Structure formats: structure tokens, C-alpha cells
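Numbering (UniProt numbering), first residue to last: 1 to 185.
The following block contains the structure:
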């Protein structure tokens, strides 16, 4: 008889624990101390508008309109997916850490922001550790944020179209994938 009396109490306690865990998860900031690749809710598509001064690549490894396989894991739904090249540009690409202007915890290792998306960037590339102000608007709270350069590389960057394997959503004009993150089919 005692076991039957304890069973309903057990279920109430178990349910309360599950509800408490769920409610705490909803309150967490999705950017909190996460690498950019762990973020699932960012907008992948863009208008395709290019920053002032960005120059088309003269002889890119992947031509506009061609297909390539993405080897990048900095965003969910990209790695291993086929992409159509929508644009190819020569520039410096940066992984950055910044705190969104909309509040919240820092976004670490956001890939990629390019030279032309930095305030008063000029022509000289930045180095890891340099502090910059972002003009990029890939994510809410990015534009106007102060950032630290985590890594830098002079490369061809690509704007790509693909279908996310995570949610099946068509992504248009995604900015940016570097040449080293693409391979031939």
C-alpha cells in the first residue's frame, strides 16, 4: 500500500523537475558563450547587397553559377551540403568575437566578417587581437558592435545559395564561405 501511495508523489516530483529544466532553458541567451557554429536561430539568407569597395575575384577557384560542397561547420545545416556560387570576391576574412548591441553574452568565433564590413577599415588587413567596429549585419545586434579579431586570412570569399540540411530551408546569398571551406563535387 505504501508503494502505491508514493507512486503519485514520484510522478509529481519528476514532472516538476522536467518543467523546471525546460523553463530554465527558455530563459538562457542562445548566444551565451557559444561558438558561432552552435547557434541555430540565426538568419542564413541575405539581400545579396554587397559592401562598398568589395571587388569581384578575377579568377576564383569556384566560378559564379558553379556547384561546390561546403566543408564548413560554423553554421548548422551547412557542412556537406551542395552550394551554388552566387558571388566570388577577393578580400580579408575575419573570425571575430563580439557582444551584440542588443545585449546578451559574447558571440565567439563568428565566421566570417570581411574587410569591407568593418568601420573605417582602410586597405591594411587586421591581425588577431585587433579591436574593430562591425558594420556587418549578418545577425541581430552585430552592426555597430565592437569586436576582437580572432583570426584573419587573405582569401576569396563566396556568397552561396544552398538548402539547409537542418530544416530544409532554402538559403539565398549567404555571406560568407571561404575558398578553403569549399570542395569540388
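Positions of the beta carbon are idealized from the N, C-alpha and C atoms, including for glycine. Quick caveat: nothing in here was measured; it's all calculated off a predicted structure.
Range of the contiguous beta strand (DSSP E) that encloses residue i
{"i": "residue 163", "result": "146–163"}
{"i": "residue 110", "result": "107–114"}
{"i": "residue 170", "result": "170–178"}
{"i": "residue 131", "result": "131–133"}
{"i": "residue 136", "result": "No beta strand (DSSP E) contains residue 136, which DSSP labels as neither H nor E."}
{"i": "residue 87", "result": "82–98"}
{"i": "residue 70", "result": "67–70"}
Closest Cα partner of residue i within the set the options
{"i": "residue 86", "options": "171, 183 and 180", "result": "171"}
{"i": "residue 174", "options": "60, 72 and 58", "result": "72"}
{"i": "residue 133", "options": "145, 126 and 70", "result": "145"}
{"i": "residue 77", "options": "126, 49 and 169", "result": "169"}
{"i": "residue 184", "options": "48, 50 and 69", "result": "69"}
{"i": "residue 177", "options": "51, 84, 126 and 49", "result": "84"}
Contact set for residue i: own chain, Cβ-Cβ below 6 Å, skip 5 residues either direction
{"i": "residue 153", "result": "93"}
{"i": "residue 130", "result": "149"}
{"i": "residue 24", "result": "Because residue 24 carries a pLDDT of 39, less than 50, the predicted location of this residue cannot be relied on, and no value is offered for it."}
{"i": "residue 165", "result": "77 and 81"}
{"i": "residue 167", "result": "none"}
{"i": "residue 51", "result": "116 and 117"}
{"i": "residue 163", "result": "170"}
{"i": "residue 48", "result": "173"}
Check whether residue i and residue j have beta carbons under 8 Å apart
{"i": "residue 89", "j": "residue 56", "result": "yes"}
{"i": "residue 81", "j": "residue 67", "result": "no"}
{"i": "residue 105", "j": "residue 118", "result": "no"}
{"i": "residue 109", "j": "residue 121", "result": "no"}
{"i": "residue 147", "j": "residue 91", "result": "no"}
{"i": "residue 125", "j": "residue 151", "result": "no"}
Own chain residues within Cβ distance below 8 Å of residue i, not counting five before or after
{"i": "residue 61", "result": "156, 179 and 182"}
{"i": "residue 102", "result": "140 and 141"}
{"i": "residue 28", "result": "With a pLDDT of 35 at residue 28, under the threshold of 50, the modelled position of this residue cannot be trusted; read the value that follows with caution. Around residue 28: no qualifying Cβ."}
{"i": "residue 63", "result": "85 and 88"}
{"i": "residue 58", "result": "90"}
Cβ shell of residue i (< 7 Å), same chain only, five flanking positions each side left out
{"i": "residue 53", "result": "116"}
{"i": "residue 13", "result": "Low confidence applies here, because residue 13 scores a pLDDT of 41, under 50, leaving its location unreliable; read the following figure in that light. Around residue 13: no qualifying Cβ."}
{"i": "residue 113", "result": "94, 96, 134 and 136"}
Practice task
Specify whether the segment 158–166 and the segment 127–140 touch according to this definition: at least 3 beta carbon pairs, one from each stretch, less than 8 Å apart.
Solution key: Three or more beta-carbon pairs separated by less than 8 Å are not found between the segment 158–166 and the segment 127–140, which leaves the two stretches without contact.
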